[in-house]
Every structure is written in structure tokens, then in C-alpha cells.
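Contents: one structure, followed by commentary.
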Amino acid sequence: MAEEILRVVDVTKRFGGLIALDHVSFNVYKGEILGLIGPNGAGKTTMFNVITGVYKPEEGHIYYKGREITGMRPHKIARMGISRTHQIVKPFGELSVLENTMIGALFGPKHETITEEEARQIASEILEFVGLADKAELPARVLNIQEKKRLELAKALAQEPELLLLDEVLAGLNPGEVQKMIDLLERVRREKGITMIMIEHVMHAVMNLADRIVVLHFGRKIAEGTPEEIASNPEVITAYLGDPEMALKFVKKLRKGGGA
Amino acid sequence: MALGLKEATRKLLDPGSYLGWALIAIFTLVGVYFWAGKISSNYPSLLMDIMMFVGIALSLAVIMSFAGYVSFGHAVFFGLGGFSVTIVFRSATKGGILAGVTSNSVVLLVLGLLLGIALSILLAATVGAAVLRLRGAFFAIATIGMDYVILYLETLVGEGGELEFNPGYTNFLEKTYAFFLIGFILTFLIVYLVRVSKFGYGLAAIREDEDAAEILGVDTTRYKIYAFIIAAALAALWGGLFSWRTSSVGPENFSLKYSVDMIVMNVIGGLGTLAGPIIGGIIYYIVKRLTLIYVPQLAYVVMGVIVILVVSFFPEGIVGIVNRKVKKLSEYLI
Amino acid sequence: MDAASLVTNILNGLITGAILGAVASGLTLIWGVMKVVNLAHGHLAVLGAFLAVILYKYTIGLNPLLAPFAVFIIGVVIGAIFYYTSLHIIVGKAETMTLKVEMNSLLSTFGFGIAIYGLLSYAIGRGWIAQYEGFTGWALKVGGKTYTTILGTNIIYAKLYAVAIAVLLIVAVEMFLRKTIWGLTIRAVAQDSRAVALTGYNPVTVKLVTTLLSTAMALMGGALYAIFVGSGINPDLEHVLAPLSFVIVVLGGLGSVLGTFIGGLIIGVTNGIVYALTGETAIGLATSFVILILLLLWKPTGLFGR
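Residue numbers (the numbering used here), protein chains in the order written: chain A, 6 to 265; chain B, 39 to 372; chain C, 12 to 317.
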């Protein structure tokens, strides 16, 4: 594959006695979408928090474009070109949708040179792109959940990142909205060429979107490979058995993938 | 294009800047008449009160209203400003280190103000680095603690009483009005620039969701400390001017009551806008004045009731209510 | 400083600390359970001190020994007024304590506090009650003596009585919290505000009961303080009682009544030792605030908190 953009090496994160991440390593290559999956409590969001600098890992290293970013403050990492969305959306409620997005642009990698007018321009374009242009002047708190998810994505995209971390952007959406969001993510990849890591529980979305998948279970990486490899990996299926619904989805996916 | 138009109306709906410019125009006009000897000192005195109320409300707004950190210790900086001016004057007149250097009261005032601002910046930077890690009530409590510690140190120096000085009384009111006007213009300009700059966007993001702001690239630690420092410096400026006007400083200047005055003005006016502290400052001054005229002994009771009523029933403040009404009206008209 | 005077100061510190712990114990409840940092707490305690004096001197001539209990009962009524004027709309109806609700409650309780301060000042200004007097002229005598001697230190009986009632208050509240259904509910909510849904109680009622108890404890603490100092009761005492209460609650851990009492003892002894070393009470106060700020930064949940 192409050049590597992110390298996670032997990362361990503990909370008191609990090991949230246990010597996890993986690479992300430029232009790909990496799916990060695993049952609840597997350490996926913790992994995002370690990459973005919210948590400092006890052991291990993270390299972004060859430069070590382990333990750097979150805003520094954001300014280097890593953006993320949150599973529980974090809009700036009293500010307008446009202002929310402008803040993304103002404090992104171009933070030193960008003017307010340019930020406004970028933000407007991004809002057009994610389909929120007609809501630009509304305070963010009045948006519905689907719109808030889009705003979350808009804020991250306005930073013009090279690596985008998506934490369950599909959660809480109805099937129609899920499809629209998947289309949007396809367009992000196609038109903007941004590398993405996505945490997702909606299996068919990950299977369709991701080039490769990393599976975490109780903080350990138990598998890595193409969606096809993952779907037929017995250890992955065992891991998901604790979560019957998830296991069922997997089995269905297997049957479909198996070309029955 | 449509967006540009909407954007323009939105800025019109935030009357903060126009209100500020209008006030500056009125204050200057009255000043011109006053300096020319055409009106008595009654109106200028009243306007100086208003300048100070709005000035200190604006100073606290930078950290409280823009960044969302409610400091109960802001009076510390107000007191420090007054204390510095007093000390400078006393050291110039009572055989102190400045005796014989200069007796020009304007020079001494500027020196005193600069000293107060410097001390406040120093205190805000050191204390701020520590207490701004705390959020919400913990931050408030820590600032109350800071207030008491500094107040205690002041009572050591001032031996618990008022420290007085002689500012030189030739053309005192005329000079004072000029200083207040300059102070007001400076304060408004600085706060206005903070509000409309990228820095202002960063502070707004911190107020709304600090973690999200940090993740989005806002250097939250540095921004908070900068905001705290600016707020402190402006409070010191007004504390210094106030002490010049009263020719004294005492423990009262450091009292939590001033902190609460500033907080209440911001709450009444409405948080997050430039108009809030300006309108809040004026209205609070009027209410306070009326209270002192009609029910002076119940001033605290009135203030307490106002705080409770505002927080309970108008938590978005006057600007919030007006904005909502104006929006409704414009929706109705268009 | 010799060993004897150190013992005296530590002993006095313990007694002062017990009273301060009682004053602060009401604050730990409302803060720990409702997440309301009650800025009216100090004013409520001062009100309790004045009420004790008013009951004795200006109205029914109630024996000061009974004052704390009477003031506790009045405190429940004042707690209801406090809740419905300052907390119900802001905190009672709020489902979760967001930062905004927290700030608003800080302001509304402050408003209630200065209203009390204003009313007391008004009553004093009109000459209805006198400040700085307290229980002047009254003393608790046992066998014709007003004091006893412990470890070479003379201790006034009235102070000992105040300490005994303070301990009784703490024990009673602890029993209430541990042994009754209401107490368990309150403790459960202190641990996790969502827990109230599981207990089947109306969260608004839990908040009301917590406020009533906390307010009554604040007033009773004030009455104990009045007996303890004997004289010198004035509205500005708030400037001492409130910040000290904050220090003590943070030290003892939010929501822990027993922890708060122990926190009070620690602060009392600290002040006693500082006083013994410097001869200045004010330095003891300043020390407490420095301890507060450092503690907030180091461990906001307090020494005995989770």
C-alpha cells in the first residue's frame, strides 16, 4: 500500500487496575479507510483519545507522518492535521452552525495564517458539502441528532485534516439517514481524499466502506485484515458472541459474503 | 450571497458595538461641555459612575461572559489597582521613594495605574495557571479563596483601615472625567477587539464546550489565561481610577461585593454578547442608585432579590430576551 | 512556646474545630447530594446564631441550652423558604447539573445569602436587635463554676456543652443517613444522581428534603457557634464562617458528614497551632484558604471523598 500516515506502536493505557488498551499496534496508510471494531468496552474510543492526545498512554508510541506525537496536547495534534468527531456530539450549542464550523477552520492546521473571511468561506463550502447550508444561521443546539452528526463532521472537515477519526457517526440514525451518511463519507473519500479511521457498530457500513479492519477485544488487537478476512475470522466471531445481536449480524454478513 | 446578507443582519442584532460607540459619543459630548464650563458637575459625576459600572462589567465579561468562567475574585484586581495608585501617591508625598522625583499628579496616576495593571497581570498569570484548571463551582470557590488571601495581605499593609492620599485638587473633577473617558474608550476597544477576533471565537468555543474546543485545535490553557489576564488588567485600571476619584483605598475595595456587582451586571445584561455587560452595567447602576435613594437600608435585600429573580426567570438576560423578540418581529415582518 | 501552651492551643483548636465542623456539615450535604455550592450557607449559619440570641433575649427568654434544637426546627421552615425561592426553579426542575445550572445556583444562593445579610443589617440598623452581644451575661454553671480544667487548660462549660451537642448533631445525621430509607435515598443520590430513578422517589422531593436538612443544620451550627463564642455575633461573621466551611467541606469530602466533622477538627487544630506559633488568628484563616486552593488543585474530591 501507499505511504503510512499513522503508526501506533505497542500502546498500553490503564485506568487504575483496568487495562483499556493492551500493547496495541497498527498502521494506517494514506488514502485508506480503516475500520476499528470490537464489542462495547473493547477500547476503541480510548484508542481515539490516545491518538488525539486526550489521554497519555503508559506505554507505547504514536507516530504521525513519521513524527512522534505521543503525549502531545490535543490542540497541537489537531493543528498537525488530525481531526475527530465524537460519539456523543459536542456542538457549541449557543453558537450558530456557521460559527461552529468556522471555529474548526480557524484553529486547524492553517491556524496561523487563516483570516476570518477565509474561515467563513471554507465553513460555508463545508456546510454546503454536508448539506447544512440552509441551517447555517441557526444556533447549533436546535439541530436534530442527524444534523448534529453532520455538524460534527463539518467541524472536523473544516480543519482540512489529513487524517479524520470518526467515532460512531452512524449511531442513533435511522436506516435512511445511515445511508445518506454513508454516501457522504464516500464523497469525503472520493472528493477530498482524506484518510479515515472509523469506529462503527453498523457492520454493513464498515464492511462496505473500510479497506481494512482492526478488531479490538478487551483492549487487545485480536485481528487485522480486509473485511472479507475479518468476517471469516473465527476469533472475531467468538469475541462477538458475548454480544448476541452483534454475533447474529456477523453470521448474516458471513452468509452473504459466502455467496449463498 | 444570501449568507452574506443574513450574516450582516446577525451582526446588527448584536447591538453591542453600536451601543458602545454611542455611549462614547455621549460621554465625549458631555465632557466637551463640561470642560468648557457650560454645565455643572452633576451630570459628569453620574456619567463617571456609569462609565465605571460598565467598565468593570466589561472587564469581567472577558473571562465570565466570553469564556464561561465565573470568577468571584475579580474584586482582587480592582482592589490591587486602587492599592497601587494609593501606594504610588503616598510614596511621592510622604518621604517615600518617589518623593522629590515628581509631584505631577497625572504622572503619578499613570505610574500607579501601570503598577496596578502589572501586579494584576502577574497575579492573574500565576493564580490563573493554577485555578483555571478547575471548572464551574470549584473555580468559583478557588477565586473566593484568592480574594480572602489577598484581602488579608492588604489588611496587613493597611492595618485594616483606609489608606488615603492627596491627588492634588486643582481642576480635579475635570481631570477625573478625562481619565474616566480615556479608561472607558480603552476598555471598550480592548473588549470589542477580543469579542470580534479569532481569540473571541476561541473563548466562545471554550465557554460552550472546553474539551471539544481543545480537540478542535484551540489552545484552551493559553486562551483562558490570556482572557483572565486581560480581565484582571482592565479591572485594575478601573480600581485605580476609582481610588483616584475617592483618594483612598481600603479593604472594602477588595470586597466580594464588588465581584458580585460585576457578576450580576453580566447576568442581568445577558452572557456571551458585547451588549450584555454594557446594558447590564447601566441598568444595574440605575437600580442601585434608586435603591440607595429610596430604601438605602434594604440595598442588600433588593440586590439579593434581583439576583434570584434574574437567574430564575431571565437566565438569558436582557440581550437574550431582546434578541428573541427582535427575531420574532423580523420573522413576522418578512 | 512551651509544651503546656501547645496542649492548650490544640485543645482549644479541637473545640473550635468541632463547632466549625458542625457549621460546615450542612454544606457538605447540599453540595454533595445536589451539587449546589451554597453561597448562602455562611449567612444561614449567622442567621441561626442571631435566632438563638433572639429567642433568648428578645422574645420568649428561651434557655440558650435549648436554643440549638429550637433553631433546628425554625431552620426547617427557613429551608423551605430557601428551597422554593432560590433553588426550585433552577435546580429542582433541572434533570442534570450542567455547568450552567451550577453557575445559576451559585448566583441564586448568593442572592438569598445577601438578602439575609441585608435583613439582619436592617434589623440591627432599626435597633430591633443588637450585634456583638450574643449571650453576654449568661453562663452555664456547674457546681457554681463556669469552667472546668482539662489537661491544665480552663475550658468554659458552655463550650463543652456546644461541642457535645455538635457531636450529637453529627451522630444523629449520620444515623439518619445510614439507617433510614430517606437517608439511604439521599446517600444513593449523592453517589449517582441518576440513582434516584431506581429508588422510586421523586427527585424533586429528595432535593427538597436535602435542602431542609442542610439548612436546618446550618442554622443549628450557627446557634452552637453563638453558645461557643458567647458574644460578638454580627452579620459579618459570614466572612469567616463561609470560607472556613468551604475549606472544611473540601477537606472532608463532598457529601460526607463525618468527613466534614473530621475536616473541621483538622482546621481547628491547624488554626490553634498557627495561633500558638504566631499569636495571630488572621494568619490561621489565611492558611486555611491556602490549604483550600492547594487542596482543590490536588484533590477536588477531598481527603475523605471518593
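Heads up, the beta-carbon is just placed ideally off N, CA and C, and yes, glycines get one too.
Check                                                                                                                : Outcome
Unbroken alpha helix (DSSP H) run spanning C:Thr-159, endpoints                                                      : Note, C:Thr-159: premise wrong, no alpha helix (DSSP H); beta strand (DSSP E) at 158–161.
Buried versus exposed call for A:Gln-184 [16 or more other C-beta atoms within 10 Å across all chains shown]         : exposed
Straight-line gap, C:Arg-317 to C:Leu-262 (C-alpha atoms, nearest Å)                                                 : For C:Arg-317, the predicted structure reports a pLDDT of 45, less than 50, and the residue's modelled location is therefore unreliable. The matter cannot be settled from this model.
is_contact[C:Arg-317, chain B] using C-beta, thresh 8 Å                                                              : With a pLDDT of 45 at C:Arg-317, under the threshold of 50, the modelled position of this residue cannot be trusted; read the value that follows with caution. So, not an interface residue.
Rounded C-alpha distance that separates A:Glu-64 from B:Tyr-261                                                      : 30 Å
Pair within 8 Å by beta-carbon distance, B:Phe-266 and B:Ala-162                                                     : yes
Listed by chain order, chain A residues near B:Gly-174 by CB distance under 9 Å                                      : Those within 9 Å of B:Gly-174 in chain A number zero; the least Cβ separation is about 16 Å.
Candidates C:Leu-303, C:Leu-288 and C:Tyr-94: closest to C:Ile-21 by CA position                                     : C:Leu-288
DSSP three-state assignment for A:Tyr-34, whether helix, strand or coil                                              : strand
Neighbouring residues, chain B, relative to C:Ala-63 (Cβ below 8 Å)                                                  : Going along chain B, no residue has its Cβ under 8 Å from C:Ala-63, so there is no contact; the nearest lies around 22 Å.
C-alpha distance - B:Glu-212 paired with C:Ala-126, whole-angstrom precision                                         : 38 Å
CB contact below 8 Å: B:Met-184 versus chain C                                                                       : yes
With 16 other Cβ atoms within 10 Å as the buried cut-off, status of B:Met-303                                        : buried
Same chain only: Cβ atoms within 8 Å of B:Pro-82, ignoring 5 sequence neighbours per side                            : Val-68, Gly-69, Phe-72, Leu-211 and Tyr-215
Residue-level contact to chain C via CB, B:Leu-98, 8 Å cutoff                                                        : no
Any chain C beta carbon closer than 8 Å to B:Pro-289                                                                 : no
Cβ-based contacts, 7 Å cut-off: residues of the stretch 138–157 of chain B near chain E                              : Reference to chain E is not applicable here, since the protein chains of this structure are A, B and C.
Chain B contact for A:Met-107 (CB, 8 Å cutoff)                                                                       : yes
Residues near B:Leu-50 in its chain [Cβ-Cβ closer than 6 Å; skip 5 each side]                                        : Confidence is the limiting factor: at B:Leu-50 the pLDDT is only 49, short of 50, which leaves the residue's position unreliable, though a coordinate-based value still follows. Result list for B:Leu-50: empty, nothing under 6 Å.
Neighbouring residues, chain B, relative to A:Gln-164 (Cβ below 9 Å)                                                 : Leu-254 and Gly-255
Beta-carbon gap between B:Ser-109 and B:Tyr-230 smaller than 8 Å                                                     : no
Neighbour flag for B:Asp-380 against chain A, beta carbons, 8 Å                                                      : This structure gives no information on residue 380 of chain B, because the portion of chain B shown stretches from 39 to 372.
Selected residue, minimal CA-CA separation from A:Val-94, among A:Ile-67, A:Lys-160, A:Leu-39 and A:Met-52           : A:Lys-160
Assigned exposure category for C:Lys-170 - 16 Cβ within 10 Å defines buried                                          : buried
Minimum Cβ-Cβ distance from C:Val-301 to chain B less than 8 Å                                                       : yes
Near-chain B residues of the stretch 176–207 of chain A (beta-carbon distance less than 7 Å), N- to C-terminal order : none
Same chain, Cβ closer than 8 Å to B:Ile-356, neighbours up to 5 away in sequence not counted                         : Ile-306, Gly-307, Gly-308, Gly-314, Ile-317, Gly-318 and Ile-321
Alpha carbon of C:Ala-51 to alpha carbon of B:Phe-218, nearest angstrom                                              : 35 Å
Counted within 10 angstroms of its Cβ, other Cβ atoms place B:Thr-47 as buried (16 or more) or exposed               : Confidence at B:Thr-47 is low in this model, with a pLDDT of 48, below 50, so its placement is unreliable and no value can be given for it.
Contact list for B:Lys-363 against chain A, beta-carbon separation under 9 Å                                         : Ordered by position in chain A, no residue passes the 9 Å Cβ test against B:Lys-363, which lies about 16 Å from the chain.
Amino acids of chain A, ordered along the chain, whose beta-carbon sits closer than 8 Å to that of B:Thr-258         : His-80
Whole-angstrom C-beta distance between C:Val-280 and C:Gly-24, which should lie under 8 Å                            : 4 Å
Range covered by the alpha helix (DSSP H) that runs through A:Asp-15                                                 : First-last for A:Asp-15: 9–20, but that is the beta strand (DSSP E), not the alpha helix (DSSP H).
C:Gly-129 versus B:Lys-365, B:Ile-301, B:Lys-295 and B:Val-349, residue with shortest Cα-Cα distance                 : B:Lys-295
Neighbour list for C:Leu-296 in chain B, Cβ cutoff strictly below 8 Å                                                : Tyr-186 and Tyr-190
Sub-8 Å separation of B:Leu-241 and A:Ala-83 beta-carbons                                                            : no
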